[in-house]
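Visitor:
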DNA sequence: CAATTTTTGGCAACAGCTTGCCACCTTCTC
DNA sequence: GAGAAGGTGGCAAGCTGTTGCCAAAAATTG
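Residue numbers (my numbering), protein chains in the order written: chain C, 1 to 351; chain X, 1 to 351.
(1) Would you list, in chain order, the members of the stretch 280 to 305 of chain X that have their beta-carbon closer than 7 Å to a beta-carbon of chain C?
(2) Run through the DSSP bridge pairs and tell me what residue 226 (chain C) is partnered with.
(3) So that I know if they touch, is there some Cβ in chain C lying closer than 7 Å to that of residue 238 (chain X)?
(4) Please classify residue 38 (chain C) as buried or exposed, where buried requires at least 16 neighbouring CB atoms within 10 angstroms.
(5) Would you list, in chain order, the members of the stretch 55 to 76 of chain X that have their beta-carbon closer than 7 Å to a beta-carbon of chain C?
(6) Taking buried to mean at least 16 other C-beta atoms within 10 Å of its own C-beta, is residue 8 (chain C) buried or exposed?
(7) Using the rule of at least 16 other Cβ atoms within 10 Å of the residue's Cβ for burial, across every protein chain shown, is residue 163 (chain C) buried or exposed?
(8) Step through the CB atoms of chain X and report whether any lies within less than 7 Å of the CB of residue 317 (chain C).
(9) Rounding to the nearest angstrom, what Cα-Cα distance links residue 214 (chain X) and residue 188 (chain X) in this structure?
(10) Which chain X residues are close to residue 101 (chain C), counting only those with a beta carbon under 7 Å from its beta carbon?
(11) With contact counted as at least three CB pairs below 8 Å, one residue from each stretch, are the stretch 278 to 286 of chain C and the stretch 170 to 190 of chain C in contact?
(12) Taking 7 Å as the threshold (beta carbon to beta carbon), is residue 261 (chain X) in contact with chain C?
(13) Listed in chain order, which residues of the stretch 132 to 153 of chain X have Cβ atoms closer than 7 Å to some Cβ of chain C?
(14) If you measure from the beta carbon of residue 314 (chain C) to each beta carbon in chain X, is any gap under 7 Å?
(15) Using a beta-carbon distance cut-off of less than 9 Å, what residues from the stretch 108 to 120 of chain X approach chain C?
(16) By a C-beta neighbour count over all protein chains shown, 10 Å radius and 16 as the cutoff for buried, is residue 320 (chain X) buried or exposed?
(17) Find the residues of chain C that neighbour residue 168 (chain X), judging by a C-beta separation of less than 9 Å, and give them in chain order.
(18) Verify whether the separation of the beta carbon atoms of residue 285 (chain X) and residue 337 (chain X) is less than 7 Å.
(19) Residue 118 (chain C) to residue 191 (chain X), Cα distance in whole Å?
(20) Helix, strand or coil for residue 142 (chain C)? Go by DSSP, reduced to three states.
(21) Please classify residue 267 (chain X) as buried or exposed, where buried requires at least 16 neighbouring CB atoms within 10 angstroms.
(22) Quick one: what's residue 23 (chain C) bridged to in DSSP?
(23) Between which two residues does the beta strand (DSSP E) containing residue 282 (chain C) stretch?
(24) Look up residue 174 (chain C) in the DSSP assignment and say whether it is helix, strand or coil.
(25) How many Å lie between residue 42 (chain C) and residue 141 (chain X) at the Cα?
(26) When burial is assigned at 16 or more other CB atoms within 10 Å of the CB, is residue 94 (chain C) buried or exposed?
(27) The beta strand (DSSP E) spanning residue 137 (chain X) covers which residue range?
(28) Hey, is residue 328 (chain C)'s beta-carbon within less than 7 Å of any beta-carbon in chain X?
(29) Should residue 224 (chain C) go down as buried or exposed, given a rule of 16 or more other Cβ atoms within 10 Å for buried?
(30) Give the list of continuous alpha helix (DSSP H) stretches no shorter than 4 residues that lie fully inside the stretch 42 to 90 of chain C.
(31) Beta carbon of residue 84 (chain X), beta carbon of residue 96 (chain X): below 7 Å?
(32) Tell me the residue span of the alpha helix (DSSP H) that contains residue 151 (chain X).
(33) Which term fits residue 77 (chain C), buried or exposed, when burial requires 16 or more other beta carbons within 10 angstroms of its beta carbon?
(34) Would you kindly work out how many angstroms separate the C-alpha atoms of residue 17 (chain X) and residue 155 (chain C), rounded to a whole number?
(35) Would residue 343 (chain X) pass as an interface residue toward chain C - the criterion being a Cβ-Cβ separation below 7 Å?
(36) With 7 Å as the threshold, decide whether the Cβ of residue 106 (chain X) is near any Cβ in chain C.
Below is the structure:
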């Protein structure tokens, strides 16, 4: 906008070669506006506290100097950093991407900055980050690998909200209810024996999914079996696919899409047709689920929204509104998205 | 580890309900170790400066109190935040994913934290972030939407490194050389007329790719045409596909995989076979390029590595080693990965 | 017009850490 | 044994904002 610096009154050593120009401080603004620093501080953060005309003068001076308050210093004196850390087990996984995206979006809207941390599927790293990171006002734990006890412990001293974890506060994606839908879908296609391909042993959601699946399928007179655990990566899909074919199941419900897509690739390699020979249901509806081959029937979750809601919950915890109560739990709805990886059960039953 | 707090000498208001316990400061450590705060500071950051035994006492005291220095305060006094901001035009895009991942990895290794900013394809937001973010020591600009002039201006006052941009310092992915490979590949398959499907108008790399493509193809006696610009999203693929079919080209080289995958979907819908009727070459080899239908022939780039190198360059700029010179430019090699989306040109030429 | 209340803005003490400078204490040297 | 040299550690002044408290100024009231 204003390139005032190019004026003739070239005051100070402008353009320090290779150096960064010194940023203006609140004191510079105060001097220019002819007031005390405290007045500047108040004018900017608590406008009602200072006379209108003085304030205008200050604002103008600040604009002229291109003044931006140092969040570091602000944080120092008022104890908050205006940053929140988002911990994910594996940035590689597109599932977390959507969470990151949702969180980022909401945080930005609230004037917070997002600090991203990859805990590499390790509970130690997670714990470490939780303790070390004094530079965050709060934490979002996406698919924490911590035990319930650790989680409870940490949440005593750190504001946090989890995603897909039975703790408080937390936002959980209601996959179980969609598992039922998936089961109905498979049942109506004539499948009687379905295999659950499970995710990491420490994954709370993988556990939950299996429980619901097992229970609901017996209600419907269907048989189940379980294989795994597998790492939630496409590369684990090959092993999962091979194991799955040996279970005699005509359909698989897979912990997540990544794994499911990996299985799809392997099955194709082995000449096993999907869905003619076996049906596959994924979970999460991640990027790619719609254009893989065949397109994946999957349990769609509003992942990005989950990220957003998590942030909202965290922020309401950080800045409590006197009247309102803090929401402790949000459940995100899910639904089955049927694509081409599921089809009628092969009728070799009477063969 | 140590649950010392449960001891009988319950000093202080432990377990403030809902509150966060006060973190120990350098003074607490100093008191416990019986030294001055300055000594503690030095013991931790400049070990050589303090007697070994004193240091051990201090370290132990710090451990006992579970002391972690406040990076805020550190930053305030020494002027650095130990954070770097990574600006991407669109977190949605898997391409940036890999960059983020690479950067995150390298930053963590160096003890820095990563602040992620989505500039939403807007140069204003980019500029704004560059000016506002006093909380970062430096910036990584992935696919900046700024003009060369703006970039030059900003880099005078902020340490930064760009990715895929002709500025310094910068890491560029050598797509042009792989464009040649792609062209050879297509030529050997009998294609004579290829269409370039271009990305955003402000994208430097899209521009570069076209220039190389145009030049090299005429050297080989091939015809080219160009359509676009298109937003680099799968959803833009439909329009791109439709436009491409009208150019009479038998092969398309597409700005990036996202767009290419979108085209694949659209072509399939319209019953146009890939690669029988038209060949498609993407760019970036993002997540999904290997399992879409058909798997995409694409120009593979070491994107994650680019993120890492960018960080390395930035850090060497932030912490110059007296002897070494700072690398101003890194070129990442690329290669063509041939999958199933390219095949022999349809021989309707003499039809 | 004096007394009281409300505004407004300044002083100075923090917040937690770093660092230049100086003083003290050992060692060492002649 | 006195003086020099070097190693340690403390003092205090920063770094940039925020905020409780108070005084001066302005507005209100009787």
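Just so you know, even glycine gets a beta-carbon here, dropped at the ideal spot from N, CA and C.
Guide: The relevant details are as follows:
(1) For the stretch 280 to 305 of chain X, which is checked against every Cβ of chain C, the residues closer than 7 Å are 287, 288, 291, 292, 293.
(2) DSSP, once it has assigned bridges, lists C:196 as partnering residue 226 (chain C).
(3) Judged by the 7 Å Cβ criterion, residue 238 (chain X) is not in contact with chain C.
(4) Burial call: exposed.
(5) Of all residues in the stretch 55 to 76 of chain X, 68, 70, 71, 72, 73, 75, 76 have a Cβ within less than 7 Å of some Cβ in chain C.
(6) In this prediction, residue 8 (chain C) has a pLDDT of 36, which is less than 50 and means its spatial position is unreliable; nothing more can be read from the coordinates.
(7) Classification for residue 163 (chain C): buried.
(8) Taking 7 Å as the threshold, the shortest C-beta distance from residue 317 (chain C) to chain X does not fall below it.
(9) Near 17 Å, if we compare the C-alpha coordinates of residue 188 (chain X) and residue 214 (chain X).
(10) Near residue 101 (chain C) (Cβ distances below 7 Å), the residues of chain X are 91, 92.
(11) In short, these stretches touch, since the Cβ pair count reaches three.
(12) Chain C contact via Cβ: present.
(13) Those residues of the stretch 132 to 153 of chain X that come within reach of chain C (Cβ to Cβ, closer than 7 Å) are 132, 134, 135.
(14) By this cut-off, residue 314 (chain C) is not an interface position.
(15) Listed by position along the chain: 108, 113, 114, 115, 116, 117, 118.
(16) Exposed is the call here.
(17) By Cβ distance, chain C contributes nothing, its closest Cβ being about 12 Å from residue 168 (chain X), past 9 Å.
(18) Going by beta carbons, residue 285 (chain X) and residue 337 (chain X) fall inside the 7 Å limit.
(19) If I take the Cα positions, the gap works out to 45 Å.
(20) DSSP places residue 142 (chain C) in strand when its eight states are reduced to three.
(21) Burial of residue 267 (chain X) is indicated by the presence of at least 16 other C-beta atoms within 10 angstroms of its C-beta.
(22) For residue 23 (chain C), which the question treats as bridged, DSSP gives no partner whatsoever.
(23) Where residue 282 (chain C) is concerned, the enclosing beta strand (DSSP E) stretches over 279 to 284.
(24) Looking at residue 174 (chain C) - three-state DSSP - the assignment turns out to be coil, as it is neither helix nor strand.
(25) Between the alpha carbons of residue 42 (chain C) and residue 141 (chain X) lies a gap of roughly 35 Å.
(26) When all chains shown are included, residue 94 (chain C) counts as buried.
(27) Per DSSP, residue 137 (chain X) belongs to no beta strand (DSSP E) and is neither H nor E.
(28) Chain X contact via Cβ: absent.
(29) Residue 224 (chain C) counts as buried, since at least 16 other C-beta atoms from the protein chains shown sit within 10 angstroms of its C-beta.
(30) Taking 4 residues as the minimum length, the alpha helix (DSSP H) runs contained wholly in the stretch 42 to 90 of chain C are 52 to 65, 71 to 78, in order along the chain.
(31) At the C-beta level, residue 84 (chain X) and residue 96 (chain X) stay beyond 7 Å of one another.
(32) Unbroken alpha helix (DSSP H) run through residue 151 (chain X): 148 to 157.
(33) When all chains shown are included, residue 77 (chain C) counts as exposed.
(34) At residue 17 (chain X), the pLDDT of 39 sits below 50, so the modelled position is not reliable; the number obtained from the coordinates is stated separately. If I take the Cα positions, the gap works out to 12 Å.
(35) By this cut-off, residue 343 (chain X) is not an interface position.
(36) Not an interface residue.
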